[in-house]
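A.B. asks: Counting in the working numbering, the sequence shown runs from 223 upward without gaps.
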Amino acid sequence: MQHTAGKRAAGGPDAGAVQAFASTVRGKVIEPSDAGYESARKVYNAMIDRRPALIVRCADVADVISSVGFARDHAMPLAIRAGGHSAPGFGTCDGGLVADLSAMKGIRVDLARQVARVEGGCTWGDFDHAAHAFGLATPGGVISTTGVSGLTLGGGFGHLTRRYGLSCDNLIAADVVTANGRLITASTTEHSDLFWALRGGGGNFGVVTSMEFRLYPVSTVFAGPVLYPLERATEALRLFRDFMQTAPREFSAFFAFLIVPPAPPFPEHLHGKTVCGVVCAYCGEPAAGEAVARPLLEFGPPAFAHVGPAPYPMAQCMFDPLLPPGLHHYWKADFVNDLTDEIIAEHVKHGPDIPTVNSALHIYPIDGAVHDVAPQDTAFAYRRARFTHIIAAVSPDPTPMPRYREWVRNYWSALHPHSSGGAYVNFLIDDEGNERIVASYQENYGRLADIKKTYDPANLFRVNQNIRPAAA
Ligand SMILES: Cc1cc2nc3c(=O)[nH]c(=O)nc-3n(C[C@H](O)[C@H](O)[C@H](O)COP(=O)(O)OP(=O)(O)OC[C@H]3O[C@@H](n4cnc5c(N)ncnc54)[C@H](O)[C@@H]3O)c2cc1C
223 MQHTAGKRAA GGPDAGAVQA FASTVRGKVI EPSDAGYESA RKVYNAMIDR RPALIVRCAD
283 VADVISSVGF ARDHAMPLAI RAGGHSAPGF GTCDGGLVAD LSAMKGIRVD LARQVARVEG
343 GCTWGDFDHA AHAFGLATPG GVISTTGVSG LTLGGGFGHL TRRYGLSCDN LIAADVVTAN
403 GRLITASTTE HSDLFWALRG GGGNFGVVTS MEFRLYPVST VFAGPVLYPL ERATEALRLF
463 RDFMQTAPRE FSAFFAFLIV PPAPPFPEHL HGKTVCGVVC AYCGEPAAGE AVARPLLEFG
523 PPAFAHVGPA PYPMAQCMFD PLLPPGLHHY WKADFVNDLT DEIIAEHVKH GPDIPTVNSA
583 LHIYPIDGAV HDVAPQDTAF AYRRARFTHI IAAVSPDPTP MPRYREWVRN YWSALHPHSS
643 GGAYVNFLID DEGNERIVAS YQENYGRLAD IKKTYDPANL FRVNQNIRPA AA
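(1) Would His296 pass as a contact of Gly387 if the rule is Cβ separation under 9 Å?
(2) Do you know how far the Cα of Pro543 is from the Cα of Ile481?
(3) Is Ala293 near ligand 1 - that is, is its Cβ less than 8 Å away from at least one heavy atom of it?
(4) Less than 8 Å separating the Cβ of Ser581 from some heavy atom of ligand 1?
(5) Hey, is Tyr646 close to ligand 1, as in C-beta under 8 Å from one of its heavy atoms?
(6) Quick test of the definition: if touching needs 3 or more C-beta pairs under 8 Å, does the region 283-294 touch the region 669-678?
(7) In chain order, what residues of the same chain have a beta carbon less than 6 Å from the beta carbon of Ser324, not counting five sequence neighbours either side?
(8) Please find out if some non-hydrogen atom of ligand 1 comes closer than 8 Å to the beta-carbon of Val501.
(9) Rounding to the nearest angstrom, what Cα-Cα distance links Thr368 and Arg460 in this structure?
(10) Which residue's Cα is closest to the Cα of Tyr646: Ala607, Ala244, Ile406, Leu452?
(11) Looking at Glu665 and Ala603, is the spacing between their C-beta atoms short of 9 Å?
(12) Using a Cβ distance threshold of 8 Å, determine whether the region 563-573 contacts the region 614-622, with at least three qualifying pairs required.
(13) Whose C-alpha, out of Leu333, Ile659, Gly372, His550, is nearest the C-alpha of Ala359?
(14) So is the beta-carbon of Val570 under 8 Å away from any non-hydrogen atom of ligand 1?
(15) Using 10 angstroms around the beta-carbon of Ala237, count the other beta-carbons present and answer buried if the total reaches 16, otherwise exposed.
(16) Would you identify the three-state DSSP class for Phe488, choosing helix, strand or coil?
(17) Please report the Cβ distance between Leu518 and Val500, rounded to the nearest whole angstrom; I am assuming they are in contact, meaning their Cβ atoms lie under 8 Å.
(18) Assuming Tyr450 is part of the beta strand (DSSP E), what are its boundary residues?
(19) Could you name the residues of the same chain whose beta carbon sits closer than 7 Å to that of Pro483, not counting the 5 residues immediately before and after it, in chain order?
(20) Near Val529, which residues of its chain fall below 8 Å by C-beta distance, leaving aside the five closest residues on each side in sequence?
(21) Rounded C-beta distance between Asn681 and Ile659? I'm assuming under 8 Å.
Next up, the structure:
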């Protein structure tokens, strides 16, 4: 335990209670008066400025159990933080306790069973590093600094998803500290109701201290961006739509409007130019990937293409430099059943106004192996949509954010009437209202509310896209 007693906000637990709690903790308990509090309270999105009463850097499961008990017994808001990437800032809270799992980074790869057991604080960079040593991987997100647990609990998709499914589809078991402070294991054979809910239901049911994932032989991928001039955007979007309809599952690509970063490998004449393009990744033999990608490489011709074989963890870091922590983020998203010509027309109207080099319009495929699982088989419900888009305004400077937010809202409003109604919960921000959460779980919401009532009847875990416990 490392703890420095200091001044604390009125209304919270008293000094003696905090001291007694801190004496049960192996990790670090950080209060507002402690050195390091200012940096410890920060999350990835700089728009979020919250002041928790206590930040607990949990070292192990025992620390998580103590933290859950302390927050519950003192009626404090309880936030769970893993990678800290939640855009609405669910990894922190005002006046409550943050259970920060970021120091819990143990990973064990079991080669005989082809599975990995991953502690709750791991990022995808940590996971990919450990699994790649054995030529193995599982579907994760496309930025290596995102947390494994936050991403997986909301569903989780990335370059391997068309082939191997969502991250949550590859979850075999999870250890969970529930609201009553018990540690239980959820899998298809133990607490199977909870296991169903964890696969898409977010952080509503407890603190996940570790997860076990299936692994697949993925080592070198054929990957990279192919950029097209803005004038070809309509045709490029149609090509992307039609190409993804028949592309093999090993091939994934997402469409983007972007401002070309002023750095290598991009050629100087493109620096700062707005373009559109696709980011590809093929997880079979790299030479076969190049053949599959040919229609994308020949169209245009591209303004620039930077594709080739790459170690999978390297492909996973491709865009990390564009998205360091500490930028200001505002996002909105939806699922669509198809990329109709009407939707494409709205993208071509609004996408080119993308405000900064860190901002993006991305259109991700939600098909292939995602559609092999029925919508009611896991909490993640949108398994019949073909794409999800995210409109993200991201800026180092907060001053223009109100203007950039209007770009996001206007773009999203133009697309929303064409959408399937709900959104990926991990892309929702916190100004969208409860109806959006309900819409995002579709028919699964009622069952989620029942499971919430079983495991968290008092709604201790509510700093999230909240599923309210079903009425008694
Ligand atoms: C730059 C960037 C890139 C992204 N790319 C992708 C992508 O490619 N694919 C994709 O699917 N999503 C992507 N996302 C969205 C991402 O899935 C969500 O932001 C997710 O919530 C991040 O998880 P985290 O652990 O990093 O965040 P945190 O802020 O630490 O956690 C978010 C919330 O998840 C829950 N949670 C986290 N850990 C636990 C736990 N151990 N137990 C219980 N609940 C927990 C809690 O409610 C927590 O508040 C991206 C986000 C960013 C910022």
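Glycine included, every Cβ here is placed at the ideal spot set by N, Cα and C.
C.D. replies: Let's see:
(1) By the CB criterion at 9 Å, His296 and Gly387 fall outside the cutoff.
(2) Cα to Cα, Ile481 sits roughly 14 Å from Pro543.
(3) Answer for Ala293: no, Cβ out of range of ligand 1.
(4) Closer than 8 Å to some heavy atom of ligand 1: that does not describe the Cβ of Ser581.
(5) For ligand 1, at least one heavy atom lies less than 8 Å from the Cβ of Tyr646.
(6) The region 669-678 and the region 283-294 do not touch, with fewer than three beta-carbon pairs separated by less than 8 Å.
(7) Exclusion of the five residues before and after Ser324 leaves Gly343 as the residues of its chain whose Cβ lies within less than 6 Å of its Cβ.
(8) Val501 has its Cβ no nearer than 8 Å to any heavy atom of ligand 1.
(9) Cα to Cα, Thr368 sits roughly 30 Å from Arg460.
(10) Comparing Cα-Cα distances from Tyr646 to each of Ala607, Ala244, Ile406, Leu452, the minimum goes to Ala607.
(11) Yes, they are a contact pair.
(12) Segments in contact, no.
(13) For Ala359, the nearest C-alpha among the options comes from Leu333.
(14) Flag unset: Cβ of Val570 not near ligand 1.
(15) Classification of Ala237: exposed, given that the 10 Å Cβ count is below 16.
(16) The three-state secondary structure of Phe488, taken from DSSP, is coil.
(17) Leu518 to Val500, Cβ: 6 Å. Contact.
(18) Segment 442-450, the beta strand (DSSP E) holding Tyr450.
(19) So the list reads Leu544, Val579, once near-sequence residues are dropped.
(20) Taken in chain order, the residues that qualify are Phe444, Ala445, Gly446, Pro447, Val448, Cys502, Glu512, Ala515, Leu519.
(21) Not a contact, Cβ separation roughly 13 Å.
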